[in-house]
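To keep things clear, I will list the structure first and then write my remarks on it.
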């Protein structure tokens, strides 16, 4: 396991770049086309959340190799206002912005592992992992 | 700023989305398309997404907005060419594009639109 690579998310062009890099990594790791599409879509939702609600932040891309298992972990982090009620935020249909309210819940469904930590006034960290 | 071209195809308009969309481009497309429907009296809008490898809720929202505005201007939107992996992902994401018609390719999309048009003309004649 490596420490991963850190990428900035400061503009909607960065969201596009994150999507492209996640795609390239998943491809290189040998993910199936459907699995690639799932993690890229989840990454797209979370990168946009980081930008729109977190006021920008970073994503760390970590390639995982645990014995026979290969995976890709993405850790999104921002220093934004945080999420007051994470349970509510994970529910579909909940949105505080212009979205359809599928971002967080959808990203969780598209991942094998999902972790959300948020502190009011401190920021939010979302980690997703998809195994090959 | 780049803009997505809108082509005329019979009584319909055809938009082929080939680039990675970002906010400004999506907004520009919505406005251009609305203007073009009004200017040409188009009865349908075909949005070809066969080049898109990812459809997230942002794109979903854009498709919804286009379909809603088009409907108000009496044009029906058909999304065509969705890739299988995208379809699987959309359903898992919970984004099933309610209220938007889909077709496998542009040709079938056109057939769908012309059928609707014929029905509408039939209604007028019966009256």
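Residue numbers (UniProt numbering), protein chains in the order written: chain A, 1 to 132; chain B, 1 to 127. The beta carbon of each residue, even a glycine, is placed where N, CA and C say it ideally should be. All values derive from a computational prediction rather than experimental measurement.
A residue is called buried once 16 or more other Cβ atoms fall within 10 Å of its Cβ, and residue 120 of chain B, having fewer, is exposed. Between the alpha carbons of residue 83 of chain B and residue 56 of chain B lies a gap of roughly 13 Å. Using a Cβ-Cβ cut-off of 9 Å, residue 78 of chain A does not count as an interface residue toward chain B, since no Cβ of chain B sits closer than that to its own.
Secondary structure of residue 57 of chain B (DSSP, three-state): helix.
CA-CA distance, residue 14 of chain A to residue 115 of chain B, rounds to 42 Å.
The shortest CA-to-CA distance from residue 9 of chain B to any of B:37, B:69, B:99, B:95 is the one to B:37.
Proximity of the segment 8-25 of chain B to the segment 38-48 of chain B meets the contact definition, three or more beta-carbon pairs being nearer than 8 Å. When rounded, the separation of the alpha-carbon atoms in residue 26 of chain B and residue 86 of chain B is 19 Å.
For residue 55 of chain A, there are no neighbours in chain B by C-beta distance under 8 Å, as the nearest C-beta there is about 16 Å away. Taking the Cα of residue 109 of chain A as reference, the smallest distance to any Cα among A:79, A:130, A:63 is reached at A:130.
When the beta-carbon positions are compared, residue 6 of chain A and residue 72 of chain A stay at least 9 Å from each other. Taken through DSSP and simplified to helix, strand or coil, residue 60 of chain A comes out as strand.
Leaving aside the five residues that flank residue 97 of chain B on each side, the residues in its chain whose CB is nearer than 8 Å to its CB run, in chain order, 60, 63, 64, 79, 90.
The Cβ atoms of residue 121 of chain A and residue 81 of chain A lie closer than 9 Å to each other. At a cut-off of 9 Å between beta-carbon atoms, residue 50 of chain A makes no contact with chain B. Exposed is the label assigned to residue 19 of chain B, since fewer than 16 other Cβ atoms lie within 10 Å of its Cβ.
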